[in-house]
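*Asks:*
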Amino acid sequence: MTPILPPAWLGVLGGGQLGRFFVVAARNMGYHVAVLDPEGDSPAGVLADRHVVAAYDDKAALLELASLCAAVTTEFENVPAESLALLGERTRVAPSAHAVASAQDRIREKAAVRALGLPVGPYAAIERESDLARPELYPGVLKTARFGYDGKGQALVSAQAHAAAAWQALNRVPCVLELRLDLEREVSAICARGAGGETRVFAVAENRHRNGILDVSIVPARVPAALAEEAATLAARLATGLSYEGVLGVEFFVVGGRLLINEIAPRPHNSGHYTLDACAASQYVQQVRALCRLPLGDERLLRPATMVNLLGDLWEGGEPSWGAVLDEPRAKLYLYGKPSARPGRKMGHYTVLDDDAGEALDTALAIRAKLGIRDSE
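For reference, each letter of the sequence shown is one residue, going 4 to 380 in the working numbering.
1. By how many angstroms is the C-alpha of Ala-224 removed from the C-alpha of Arg-188?
2. How is the alpha helix (DSSP H) around Glu-254 delimited, first residue to last?
3. In terms of residue numbering, what span does the beta strand (DSSP E) encompassing Lys-349 cover?
4. Apart from the five residues on each side of it in sequence, which residues of its chain come closer than 7 Å, Cβ to Cβ, to Leu-374?
5. If we count the other Cβ atoms within 10 Å of its Cβ and call it buried at 16 or more, is Gln-290 buried or exposed?
6. If we ignore side chains and look at the alpha-carbon of each, how far apart do Glu-132 and Leu-182 end up?
7. Leaving aside the five residues before and after Ala-234 along the sequence, list all residues of the same chain whose C-beta is less than 7 Å from its C-beta, in chain order.
8. Is Asn-81 helix, strand or coil when you go by DSSP?
9. How would you write the range of the alpha helix (DSSP H) that Arg-111 sits in, first residue to last?
10. Mark Ser-86 as exposed unless 16 or more other C-beta atoms lie within 10 angstroms of its C-beta, in which case mark it buried.
11. If you count every other CB in all the chains shown that lies within 10 Å of the CB of Met-350, and 16 or more means buried, which is it?
12. I believe Gly-315 touches Ala-283 by the beta-carbon criterion, under 8 Å. Please report the beta-carbon distance rounded to the nearest angstrom.
13. Counting only the same chain and skipping the five closest in sequence on each side, list residues whose C-beta sits under 6 Å from that of Gly-33.
14. DSSP three-state label for Leu-184, please.
15. Should Thr-5 and Arg-306 be called a contact, given that it needs their Cβ atoms to be closer than 8 Å?
16. Within its chain, find whatever has a CB closer than 6 Å to the CB of Gly-199; leave out the 5 residues flanking it on each side and keep chain order.
17. Keeping to the same chain, check which residues put their C-beta closer than 8 Å to that of Val-49; ignore five residues upstream and five downstream.
18. What do you reckon, is the C-beta of Ala-208 under 7 Å from a heavy atom of the ligand NAD?
19. Using the rule of at least 16 other Cβ atoms within 10 Å of the residue's Cβ for burial, across every protein chain shown, is Phe-79 buried or exposed?
20. Is it buried or exposed for Gln-286, if we count other Cβ within 10 angstroms and need 16 for buried?
21. Which of the three DSSP states is assigned to Glu-130 in this structure?
22. If you count every other CB in all the chains shown that lies within 10 Å of the CB of Arg-175, and 16 or more means buried, which is it?
23. Apart from the five residues on each side of it in sequence, which residues of its chain come closer than 7 Å, Cβ to Cβ, to Asp-280?
Written out as structure tokens, the structure reads:
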């Protein structure tokens, strides 16, 4: 397999913060980058060498991207798989349209994980009202099969009648019904898999959420070493079983001391932002390397880290006082350049590094309090 070397052009579908970090990583490595995104002031688009402002299913724009770029990737899973398939007929695309399509649909995703013999929690596919007659899955969580993220498209349901009403409120679209589990922790593993099958998994992160959105990631996760190793092994097995190429985020529930795969993301993951500062090769560098058929970089954790998300709620009273972050020498602040803030919108993050994991967490939470962010639920 011939590697794609600088100064080749690379393309990315999507203009959000994950695409922005991809653009920075690729340009630092000497590549040119084109972003296709419908928003003219998107975080990735404003940093790219070329910004194709068009819808993700605009055939002329896709053909322009294919003719320019030696390879194309995506920064979010809800780009039309048909667009990736069209690009794949003309240039290299990683991850593939098939892999992205599987992750776009929770029913397909869970079936694929189960088919590989990997652990998932009890669930049922809901495509008609009679499918809700699953008493063993209550109390449960009803989730839309498509387009749900950050807690959207979900409802807690106590019994079948409650689930029927919730399904009606979700417009009776295909869903999955999952048994509500008694979670000990939530963790994630970011796996990079190259074109030749090489896999590398970053240190497992422990994640706290607030209102369904990632709030704090603690690295390394405060779990037994054997459990962290198992999470890394399962993520690598999943990537290999899917013949995946690129960076894959795998979210796990820890229940009764066991790991259950919750969701997968066919792209870099919010909980992997810490790799920008705590690893020799970040998840975005790995994304570039996998896309370009290069050997993967060194994923080892150099220092413990805690990452804190900055959501649009923080801007309610005006621009936050960033001295709370920047006065701390061990902290690194990233603002994504989004033109407007709104509640729940990811506007930035900061990461605190320390030789001691507990000190990194304590310092990050102290900064968080100074910024006025309330405690996680």
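Where a beta carbon is used, it is the ideal one built from N, C-alpha and C, also for glycine.
*Replies:* This is what the structure gives:
1. One C-alpha to the other measures close to 9 Å.
2. Premise fails: Glu-254 lies in the beta strand (DSSP E), 249-258, not in any alpha helix (DSSP H).
3. 349-356
4. Leu-317, Pro-323 and Ala-327
5. buried
6. 17 Å
7. Val-190, Ala-192, Val-207, Phe-255 and Leu-262
8. In the three-state reduction of the DSSP assignment, Asn-81 falls in the coil class, being assigned neither a helical nor a strand state.
9. 109-118
10. Classification of Ser-86: buried, given that the 10 Å Cβ count is 16 or more.
11. That one is buried.
12. Contact doesn't hold; Cβ gap of about 32 Å is too wide.
13. Pro-9 and Pro-10
14. coil
15. no
16. none
17. Gly-340
18. In the structure on display, the ligand NAD does not appear, and there are no ligands present to speak of.
19. Buried.
20. Around the beta carbon of Gln-286, 16 or more other beta carbons lie within 10 angstroms, which makes this residue buried.
21. Assigned with DSSP and collapsed to three states, Glu-130 falls in coil, not helix or strand.
22. exposed
23. If we look at Asp-280 and ignore the five residues flanking it on each side, its Cβ neighbours are Ala-308, Lys-335, Thr-354 and Leu-356.
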